[in-house]
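When you line the sequence shown up against the working numbering, it's residues -4 to 283, in that order.
Every residue gets a Cβ at the ideal spot worked out from N, C-alpha and C, and that includes glycine.
Everything below concerns the one structure shown next.
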Amino acid sequence: MRRLLVVVLGGLVVLAPLPSPAQSADPELAHGVRQVREGDFEGAVTTLESVVRRLSSAPERSRDLVPAYVNLGVAYVALDQRELARSRFGEALAHDRNLKLSAAEYSPKVLAVFEEARQRARQAAQSRKGSKAPYIIAGAAAAAGGVVLATRGGSEASAAFSGARFGNLVAFCTDDSVNVPVPVLILVEVQAGSSSLSIDSAAAQLIIVTSPAAPGEVGFSSGQATDVNPKVVAAKTHATLQVTTVLICNNGPGDPGRFNEWSGRVTFTTSAGVFTVETADRLRVNIP
-4 MRRLLVVVLG GLVVLAPLPS PAQSADPELA HGVRQVREGD FEGAVTTLES
46 VVRRLSSAPE RSRDLVPAYV NLGVAYVALD QRELARSRFG EALAHDRNLK
96 LSAAEYSPKV LAVFEEARQR ARQAAQSRKG SKAPYIIAGA AAAAGGVVLA
146 TRGGSEASAA FSGARFGNLV AFCTDDSVNV PVPVLILVEV QAGSSSLSID
196 SAAAQLIIVT SPAAPGEVGF SSGQATDVNP KVVAAKTHAT LQVTTVLICN
246 NGPGDPGRFN EWSGRVTFTT SAGVFTVETA DRLRVNIP
């Protein structure tokens, strides 16, 4: 019988299974799973986001992405980042449609968020099945009014993130495209505190907020590999962070033209804590 360890954090009980031998074959993945099991959720986010970026470019390692995304989902639930947790669980389901989480291994809160991700995936699939209209999958991440949603660790005095907005307000998923990457840029202002700020990772997420021709898409979210530059901001200085990711474009030839609009959300894991910001504007994707 698989051995379990109970982690208690602020009343949230997470039952995390020890990594299987297949998972342990990847040292970084095994380390991230161990961090989740031991309650180091912020550390796990840094480790496992690095794992999924690396494995996403290695198709032969796609099976390892499932435990990586599942444990990322658990970590984000523990950090009260529900949307990011749904996104990561959704990625796990995209790689394994039959994936199930056991009530003996995971807390009710984790299971509830996982089921929300499963329902979103089903709704998106039904929407695409019921229409021949093209679709676009986010691979997330003018307004200085970008919203800071949450911080964990550190304080406003140590670092401040603001002004999240899209660097490109319009993107195109051209006709007869199959799995074509479309670049997306999100800009974020950051002010370092009395110490230099190191940005360990960024996780971008896009969510459909408007889709007139396919309203069933609204609420669908996804995330892919994300990069950020610069990665170090000197003490008491300001910088504009460039967060880059892609959209994966699929648009069958001759399908009716349409568009959808996306909101953006970025979570930064830094030396001053974990910060989440949301764009004040929207990215319009034209699908001619």
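- DSSP lists no beta-bridge partner residue for Gln219.
- Shown here for Val108: same chain residues with a beta carbon closer than 8 Å to its own, the five before and five after excluded, namely Gly68, Val72, Arg77, Ala80, Arg81 and Phe84 in chain order.
- In the three-state reduction of the DSSP assignment, Leu67 falls in the helix class, which pools H, G and I.
- The C-beta distance from Leu106 to Leu94 rounds to 12 Å, too long to fall under 8 Å, and the pair is not in contact.
- For the options Gln237, Asn163 and Asp222, the alpha carbon positioned closest to that of Ser45 is the one of Asp222.
- For Gln30, the enclosing alpha helix (DSSP H) covers residues Pro22 to Glu33.
- Beta-bridge pairing by DSSP links Glu256 to Thr205 and Arg279.
- For Gly85, the enclosing alpha helix (DSSP H) has its first and last residue at Arg77 to His90.
- Assignment of Pro178 by DSSP, reduced to helix, strand and coil, places it in the strand class.
- The shortest C-alpha to C-alpha distance from Ala89 to any of Ile202, Arg58 and Val183 is the one to Arg58.
- Contact check for Leu278 and Gly259: beta-carbon distance about 7 Å, within the 8 Å limit, so the pair qualifies.
- The three-state reading of DSSP puts Gly38 in helix, counting H, G and I together.
- Asn281 is positioned such that its CB atom lies no closer than 8 Å to that of Ile203.
- Ranked by Cα distance from Ser102, the options Val173, Asn66, Ala116 and Asp91 are led by Asn66.
- Distance from the CA of Pro210 to the CA of Gln237, rounded to the nearest whole angstrom, comes to 31 Å.
- Where Glu273 is concerned, the enclosing beta strand (DSSP E) starts and stops at Gly268 to Glu273.
- Straight through space, the alpha carbons of Pro248 and Gly27 are spaced by roughly 42 Å.
- The straight-line gap separating the alpha-carbon atoms of Leu50 and Glu33 is approximately 23 Å.
- One Cα belongs to Pro283, the other to Val177, and the distance between them is close to 14 Å.
- By the criterion of at least three beta-carbon pairs nearer than 8 Å, the stretch 225 to 236 is in contact with the stretch 183 to 195.
- In this structure, DSSP gives Ser190 a state outside helix and strand, which the three-state scheme calls coil.
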